[in-house]
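Residue numbers (the working numbering), protein chains in the order written: chain A, 338 to 685; chain B, 338 to 685.
Given below as structure tokens:
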């Protein structure tokens, strides 16, 4: 029997990955069950249930309109039903929902199933951070890998060539996930450094807001390149401090510099940064206006790491992260952003 | 007596750096002679000599129009006169002219003068590469540093915040150059790894063409991020092979990832790559049409490294560099470019 795949989440990225996974399981029946269940948070779209639209028109009209999903991807509105008897769980939903989802799944899944997190974020503990993959492992008692990379969903859905990084501490699971996700246009590389992969995925969205701020201020490519570089340096330092054993080489993978560059040019958090300069609305208001129900992950992560860094008296080592949080909270004017970079600790 | 500074070259970047240097030497008279001589290759612009225009209107109307140069920067059309009695030589001209310039200066300069190369390129020898800074040192018998970074000239001239990297094997010279170049908007960091700084400056223009090719093919930010990442990997491998002792950490400086990102988004070699897709003209024709007398450095470097790699039977390790050279030579169709990346050695 092939392994049954369950996708938990159905936003922009969840739908794009459903397209890949749906095709791959059908092409690789020796490995995978050809039916993919996708847990969809039910909502009404123009008078119809979103799950019914997906299951009849095979399109997520709300979050990835215009993209045909394979018809072996079945939308299921009930989490327990969707996740029952799964062998591989793909977590792809905003990180604030992970705890509740896991609480529902706990005790209702196979003990030898595995998971992979595509979630951009980290959890906060008193002492520091906890990875989403670790949260999933602790809650569900199953091994969890992570996959991150320069993978803007709309472009992946259009089958434009890109790379992605699978972080897995279990080689067999890493190889299985590569077979699940890889296509000629979606190239997966495996590293055994899951923490750095996830930290990159969380923090790049914070830097992306910074890139948007300098775009909004009409700075050019030099300033933006400095923001990207200094942001990368803060990401590396954060990983060193809060995830000892993190490898600098992982930052050279797609989840590192490549995703950072893509996020700083095409991501939604970049758009948020630009909007924060050009309007005086709050982030919440901008989210409603710009994302129609999706959420900006960058400000949430920025707030969380601000509080960790404040508690540990380390804020001055991370002037960019600090400034971005304060600008998102409207406690600092965006025009101050570049000044915060002039005496960066990297320059000492 | 303050040190006399001579700028050799007066193109787009030479003129932007002349603005910085002119202001800095005036503000730091305890260190520098407040008069800066700039060697300008004489040409006629709308019936006037370029040197006369610069010396009366204080603007390089041909290569950096609209930017006021400080009036203590004096354009000199005669190289020997410009370089006589200099203490610090800033080389900022296309790399194909370095040998002739040095041959003229040889024997006519102070023995304890120093140089810094802002030239993007490397020289080719039978066994491999020779750095421009080494060419200058060998020809003139003086120490030579290098400065490279995410420094698109037009944006520097507008005083937008950016960073730059000074590579110097002599700490005192590095510090002196930092005082010559640094301003609140132009931040200089010193590394003692001159070879990697120069190799980055040369090779980033090749990758920039690749970024332009995917832009021209209407790929999005994911594919471009993959081009940037794989290009960086080829740059690192090239440095390892041809400049043993090269430090990976230098690629995290402005001369590394930051300059690469800026070049792949705003540089003239990116523009060339896009034009190569959208027209069927040769690189020479595009150069005339787009640059009005300046030159594209990327295709020259691409050709040179292609020949080294071919001689050493290493082409298959550098599929991106190889493809970019062939596309520039019109020996490969740009539509083949992305296919060349699908089985990249980095993916093995």
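Ideal Cβ placement from N, Cα and C applies to all residues, glycine included.
The structure presented is a predicted model; accordingly, all values stated were derived computationally and were not measured.
The Cβ-Cβ distance between residue 657 of chain A and residue 571 of chain A falls below 7 Å. In the three-state DSSP reduction, residue 423 of chain B falls in the coil class, being neither helix nor strand. In the DSSP annotation of this structure, residue 595 of chain A is not part of any beta strand (DSSP E), being labelled neither H nor E. Taking the C-beta atoms as reference points, residue 660 of chain A is found no nearer than 7 Å to residue 607 of chain A. Leaving aside the five residues that flank residue 469 of chain A on each side, the residues in its chain whose CB is nearer than 7 Å to its CB run, in chain order, 432, 435, 454, 456, 458, 459, 460, 535.
Of all C-beta pairs linking the region 469-487 of chain A to the region 594-605 of chain A, three or more are shorter than 8 Å, placing the two stretches in contact.
Using a C-beta cut-off of 8 Å, the region 360-374 of chain B makes no contact with the region 471-483 of chain B, since fewer than three inter-stretch Cβ pairs fall below that distance. The residue among A/417, A/350, A/539, A/624 with its C-alpha nearest the C-alpha of residue 639 of chain A is A/539.
Chain A has a Cβ within less than 7 Å of the Cβ of residue 497 of chain B.
Burial state of residue 673 of chain A is exposed, judged by a 10 Å Cβ sphere holding fewer than 16 other Cβ atoms.
In terms of beta-carbon proximity, residue 557 of chain B lines the interface with chain A, with at least one pair separated by less than 7 Å. Annotation: residue 614 of chain A has no Cβ neighbours in chain B at a cutoff of 9 Å; minimum Cβ distance is about 15 Å. Non-local beta-carbon contacts of residue 498 of chain A in its own chain, meaning distances under 7 Å to residues more than five positions away in sequence, involve 522 in chain order. Here residue 419 of chain A really is in contact with residue 343 of chain A; their C-beta atoms are around 6 Å apart, less than 8 Å. Residue environment: residue 368 of chain B is assigned as exposed (fewer than 16 neighbouring CB atoms within 10 Å of its CB, all protein chains considered).
Neighbourhood of residue 521 of chain A in chain B, by CB distance below 8 Å: 679, in chain order. Residue environment: residue 647 of chain B is assigned as exposed (fewer than 16 neighbouring CB atoms within 10 Å of its CB, all protein chains considered). When Cβ-Cβ separations below 7 Å define contact, residue 660 of chain B makes no contact with chain A.
Excluding five sequence positions before and after residue 361 of chain A, the CB atoms of its chain that fall closer than 8 Å to its own CB belong to 369, 516, 517, 518, 519, 520, given in chain order. In this structure residue 405 of chain B is exposed. Its beta-carbon is surrounded by fewer than 16 other beta-carbon atoms within 10 angstroms. Proximity of the region 661-681 of chain B to the region 604-621 of chain B meets the contact definition, three or more beta-carbon pairs being nearer than 8 Å. Residue contact check for residue 595 of chain A against chain B: a CB pair falls below 7 Å. Rounded to whole angstroms, the separation of the alpha carbons of residue 550 of chain B and residue 339 of chain A is 41 Å. In this model, residue 629 of chain A and residue 392 of chain A are separated by some 22 Å (Cα to Cα). Comparing C-alpha distances from residue 636 of chain A to each of A/502, A/386, A/542 shows the shortest one belongs to A/542. Where residue 531 of chain B is concerned, the enclosing alpha helix (DSSP H) starts and stops at 531-553.
Residue-level contact by beta carbon holds for residue 566 of chain A and chain B, with a gap shorter than 7 Å.
In this structure residue 440 of chain A is exposed. Its beta-carbon is surrounded by fewer than 16 other beta-carbon atoms within 10 angstroms. Taking 7 Å as the CB threshold, residue 487 of chain B lines the interface with chain A.
Taking CB atoms only, residue 563 of chain B has a neighbour in chain A less than 7 Å away.
In this structure, residue 603 of chain A lies away from residue 492 of chain B, with their beta-carbon atoms at least 7 Å apart. For residue 518 of chain A, the secondary structure class from DSSP, reduced to helix, strand or coil, is helix. Look at residue 435 of chain A here: in three-state DSSP terms it is helix. If you ignore the 5 residues before and after residue 410 of chain B, its C-beta comes within less than 7 Å of the C-beta of 355, 359, 373, 375, all in its own chain and listed in chain order.
Within chain B, no C-beta atom comes nearer than 9 Å to that of residue 571 of chain A; the closest sits roughly 12 Å away. Note on residue 349 of chain B: 16 or more other CB atoms within 10 angstroms of its CB, so buried under the neighbour-count rule.
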